[in-house]
Amino acid sequence: MTLEEVQNIIREEVGVLLYFSGERCSVCHALRPKFKELFDAEFPLIKQIYLDAHENPEISAHYQVFSVPTMLVFLDGREFVREGRAVSMYKLTEQLMRPYQMMTE
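What follows is the structure in structure tokens.
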């Protein structure tokens, strides 16, 4: 996936989750299925994109991702949430629920 493709998706979709991980990152591998489960259940209209930060250095640099895991959520084309390492699924759900509902109703 190219930077241009990612930017187009962010412009076109209601919401986008960009999840940056690394092959050797055990935390990344532990969190990814939890994010997938949460977004599939609570935010199904948010497109999920998983990227290896080391294999996509141009995209990582553009979004200023310097450590993994890093999760960015874009709503209506703008960065809305940025979290790294320890992410509370409860807090994330609280942050996203109201704006998501407003955008999708």
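Per our numbering, the sequence shown starts with residue 12, numbered consecutively. Quick reminder that beta carbons are idealized off the backbone N, C-alpha and C, glycines included. Keep in mind that this is a model prediction, so the values were computed, not measured.
Met100 and Phe85 have their C-alpha atoms spaced approximately 17 angstroms apart. For Glu105, the enclosing alpha helix (DSSP H) covers residues Met100 to Thr115.
Judged by DSSP secondary structure, Gln18 falls within the alpha helix (DSSP H) whose first and last residues are Leu14 to Glu23. The straight-line gap separating the alpha-carbon atoms of Glu15 and Lys102 is approximately 31 angstroms. The way I'd put it, the region 91-99 does touch the region 69-83; three or more beta-carbon pairs between them come closer than 8 angstroms.
Boundaries of the alpha helix (DSSP H) around Ser37: Ser37 to Glu53. Taking all protein chains in view, the Cβ of Phe46 is crowded by 16 or more other Cβ atoms within 10 Å, so the residue is classified as buried. Taken through DSSP and simplified to helix, strand or coil, Ser78 comes out as coil. In the DSSP assignment, Glu66 falls outside any alpha helix (DSSP H) and carries neither an H nor an E.
Taking 7 angstroms as the cut-off, the beta carbon of Leu29 is found closer than this to the beta carbon of Ile60.
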